[in-house]
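The numbering used here applies: residue 76 is where the sequence shown begins, and numbers increase by one.
Note that the Cβ used here is the ideal one computed from N, Cα and C, for glycine as well.
Inspection log for the structure reproduced underneath, given as structure tokens.
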Amino acid sequence: MRETGRPGLSQGLILGIETSCDETAAAVVRSGTTALSNVVASQMALHANYGGVVPELASREHLRNIVPVVREAISRAGTAAGHPITFADLDAIAVTQGPGLAGALLVGITYAKALAYGLDKPLIAVNHLEGHIHAVLMEARQRAETPMPLPLLALVVSGGHTHLYLATQVEAQQQGTAAAWTYRNVGRTVDDAAGEAYDKVAKLLGLGYPGGPWIDSLATHGNPRAVPFTFGHIHTRPPREGVTNKKAPTRTEGPHFDFSFSGIKTAVLRYVETHHMRESIAARRATLAADPALTPKSGDLASLCDTQTLDLIASFQYAVVGNLQRQTFAAAEAFGARAIVVSGGVAANSELRRRLQAEAARRNLPIAFPSLALSTDNAAMIAAAGWPKFLARDFAAEDLGATPQLRLGQP
Ligand code: KG4
Ligand code: ZN
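Below, the structure is given as structure tokens:
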């Protein structure tokens, strides 16, 4: 740990860098509250050709993008602040350590390390999942809302993750430093992530990538009760002796609220086969391939699908949202959470927002979602999560490396 950085003289400027998956992102956030800039170079169009993220291509794109994206973030921060901001004005550099793609993470970490070293500024390692949670907390602070009561239950739901965390702040270890956040993982998917299920089902139905926004738009045109999908009981097998199961680490005592989304994906596949939908799916895939201007926001999207397909899509979404809702509120109740935070790419889903908001209101629990721009991967969330670590002087070692399977908190 290097004892650099002068919080006393600082403007509270943290540069955040995020390259864990298919977005090269950089942002400057002031005092963990105000995003002065938030630049995201998305590789979505590139990976869409393959129907998913190709790790080698992602690393190469990050390498190409990282320098211009960081420069743009610094320049836009100056515009927002009303006076030029240079690298010298930064207080620290926060970077995603993991989880994510090894090669992709390495680009951001290597760049951040070099920058921190060259500028003699502290480097802060941030867990990507913690970043998603802090995106919401940062925006709540920006709106000058009263701080969310603790502990809070965070549902992080994206293409790579479906996790429930009980999050709180512990007392500062030393006088003059800030309280650190702690997390306990109280639920996780045992197979696919919710966003992954959206992406796979969309692909199966001949829709575009990523699938979430397509299904979200189309679901409003179907009958959500047409196909009764169910979620069975999840059995988590104890690891066999001598075998480490990375997907199922040793758990702490107490209840857990796990998820499983591979079953519903298979159920959709079976429905497609038994209802002879292959031909219409192939036709839709061809229509979309021929017209790149069609997006999930296009006006007459529903004309791409017959009623049976729209009903299937609405029923899929109804079931997935219902499952996320049940597990989240059951966990909140079991652990006495006093507020709920929802984050990650799937937090952009309109039905998820509507139903979780309604249930939170019924239970008198405050609930917060990120704005759409901060739902998906970005670097403002990394800078925001870096701020309490900066105040607590929790800096990364010089040999910081990428940790693709990095976990957040106690399992
Ligand atoms: O957080 P994110 O940008 O990247 C990961 O860390 O995975 O999340 C991307 C995921 C994709 O699976 C995408 O289909 C899903 O978020 N997504 C949505 C919506 N918008 C994005 N899922 C459901 N409804 C949406 N509106
Ligand atoms: Zn993410």
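Considering only residues of the same chain and omitting the five flanking positions on each side of residue i, which have a CB-CB separation below 6 Å?
{"i": "P222", "result": "none"}
{"i": "V396", "result": "E426, L427 and R430"}
{"i": "N424", "result": "D291"}
{"i": "P82", "result": "Low confidence applies here, because P82 scores a pLDDT of 42, under 50, leaving its location unreliable and the question unanswered by this model."}
{"i": "F410", "result": "L241"}
{"i": "R162", "result": "One point to set straight first is that residue 162 is Phe, not Arg, in the sequence displayed. Only L194 meet the Cβ criterion."}
{"i": "G206", "result": "M456, I457 and A460"}
{"i": "A100", "result": "E93, V115, N453 and A454"}
{"i": "R326", "result": "P486"}
{"i": "D97", "result": "Q118, H122, V128 and A133"}
{"i": "Y393", "result": "P299"}
{"i": "R359", "result": "G281 and L379"}
{"i": "H137", "result": "T94, T99, A179 and V182"}
{"i": "E473", "result": "none"}
{"i": "V318", "result": "Its pLDDT being 47, under 50, V318 is placed unreliably by the model, and nothing is read from it."}
{"i": "A365", "result": "none"}
Output needed for residue i: all residues of its chain with C-beta closer than 8 Å, excluding positions within five of it in sequence on either side, in chain order.
{"i": "P479", "result": "G173, P174, G175, L176, A177 and L180"}
{"i": "D164", "result": "Q86 and L88"}
{"i": "D381", "result": "S355"}
Given residue i, which residues of its chain have a CB within under 7 Å of its CB, disregarding the five upstream and five downstream residues?
{"i": "S134", "result": "G178, A179 and V182"}
{"i": "A407", "result": "L228, I415 and L440"}
{"i": "Q217", "result": "T108 and T109"}
{"i": "Y186", "result": "I92 and I141"}
{"i": "G234", "result": "A268, G270, E271, D274, P285 and G420"}
{"i": "L475", "result": "Q172, I184, K188, L198 and A200"}
{"i": "H350", "result": "Q383"}
{"i": "E246", "result": "A254"}
{"i": "A155", "result": "L111 and S112"}
{"i": "Q432", "result": "I442"}
{"i": "N124", "result": "none"}
{"i": "R437", "result": "none"}
{"i": "A102", "result": "G91, A110, S112, N113, V114, A148, N453, A454, A455 and A458"}
{"i": "H331", "result": "V261 and G262"}
In terms of DSSP beta bridges, what is residue i paired with?
{"i": "R216", "result": "DSSP output for R216 lists no bridge partner at all."}
{"i": "Q32", "result": "The question about residue 32 has no answer here: the residues shown for the chain are numbered 76 through 486."}
{"i": "V231", "result": "H238 and S418"}
{"i": "E98", "result": "S117"}
{"i": "R105", "result": "L88 and T109"}
{"i": "F306", "result": "Per DSSP, none; premise fails for F306."}
{"i": "V201", "result": "T171"}
{"i": "F391", "result": "Bridge partners of F391: none, in fact."}
{"i": "T403", "result": "For T403, which the question treats as bridged, DSSP gives no partner whatsoever."}
{"i": "R263", "result": "H238"}
{"i": "F332", "result": "In DSSP, F332 forms no bridge with anything."}
{"i": "E93", "result": "A100"}
If I'm right that residue i touches residue j with Cβ under 8 Å, what's the distance once you round it to whole angstroms?
{"i": "I457", "j": "V170", "result": "7 Å"}
{"i": "L230", "j": "V417", "result": "5 Å"}
{"i": "G420", "j": "S450", "result": "6 Å"}
{"i": "G281", "j": "A357", "result": "7 Å"}
{"i": "L88", "j": "I160", "result": "7 Å"}
{"i": "F492", "j": "V347", "result": "Limits of the chain in this structure are 76 at one end and 486 at the other, which puts residue 492 out of reach."}
{"i": "G338", "j": "G374", "result": "Between G374 and G338 the Cβ distance is about 34 Å, and since that is not below 8 Å, they are no contact."}
{"i": "A148", "j": "L190", "result": "Incorrect: roughly 12 Å between the Cβ atoms, too far for contact."}
{"i": "P226", "j": "T243", "result": "4 Å"}
{"i": "L385", "j": "L293", "result": "6 Å"}
{"i": "E214", "j": "P445", "result": "6 Å"}
{"i": "V276", "j": "K340", "result": "6 Å"}
{"i": "I442", "j": "A435", "result": "4 Å"}
{"i": "D166", "j": "F404", "result": "The Cβ separation is near 39 Å, so there is no contact."}
{"i": "V232", "j": "A422", "result": "6 Å"}
{"i": "P371", "j": "W289", "result": "5 Å"}
{"i": "L204", "j": "Q402", "result": "Actually they do not touch by this definition, with Cβ atoms about 17 Å apart."}
{"i": "N202", "j": "L376", "result": "With 8 Å as the limit, N202 and L376 do not qualify as a contact, their Cβ atoms being about 36 Å apart."}
{"i": "P224", "j": "R413", "result": "4 Å"}
{"i": "L363", "j": "G283", "result": "6 Å"}
Indicate, with yes or no, if ligand 4 has a heavy atom lying under 7 Å from the CB of residue i.
{"i": "N124", "result": "This structure lacks ligand 4; the ligands present are ligand 1 and ligand 2."}
Ordered list of alpha helix (DSSP H) runs contained in the stretch 405-446, each at least 4 residues:
425-438
Hey, which residues come within less than 5 Å of ligand 2, measuring from Cβ to any heavy atom, in chain order?
S233 and D452
Suppose only complete runs of 4+ residues qualify. What are the alpha helix (DSSP H) ranges in the stretch 140-191, listed by chain order?
Those alpha helix (DSSP H) runs which fall completely within the stretch 140-191 and span 4+ residues do not exist here.
Segments of 4+ residues assigned as alpha helix (DSSP H) that fall wholly inside the stretch 453-484
If we require 4 residues or more, the alpha helix (DSSP H) runs fully inside the stretch 453-484 come out as 455-466.
Going residue by residue through the stretch 326-370, where are the continuous beta strand (DSSP E) segments of at least 3 residues, counting only ones entirely within it?
none
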